[in-house]
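Numbering of the sequence shown is given in the working numbering, commencing with residue 1 and proceeding in unit increments.
Backbone N, C-alpha and C define an ideal beta-carbon position, used for all residues, glycine too.
None of the values given here were measured: they were computed from a predicted structure.
Only one structure is covered here, and it is reproduced in the block below.
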Amino acid sequence: MPAIHEEHQKQGPQSARCAVITVSDTRTPETDTGGQTV
């Protein structure tokens, strides 16, 4: 008989969706260099 946590892992999803949203009112397209990285 498998351990409880192993059975739980089998029933769960293999991946999770996530998103990161940032908002700034102090940056402009000219000064925002972080968005270029993404």
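Helix, strand or coil: which one does DSSP assign to residue i?
{"i": "Gly34", "result": "helix"}
Can you tell me where the alpha helix (DSSP H) holding residue i begins and where it ends?
{"i": "Ile4", "result": "4-11"}
In terms of alpha-carbon separation, which member of the options lies closest to residue i?
{"i": "Val23", "options": "Gly12, His5, Asp32", "result": "Asp32"}
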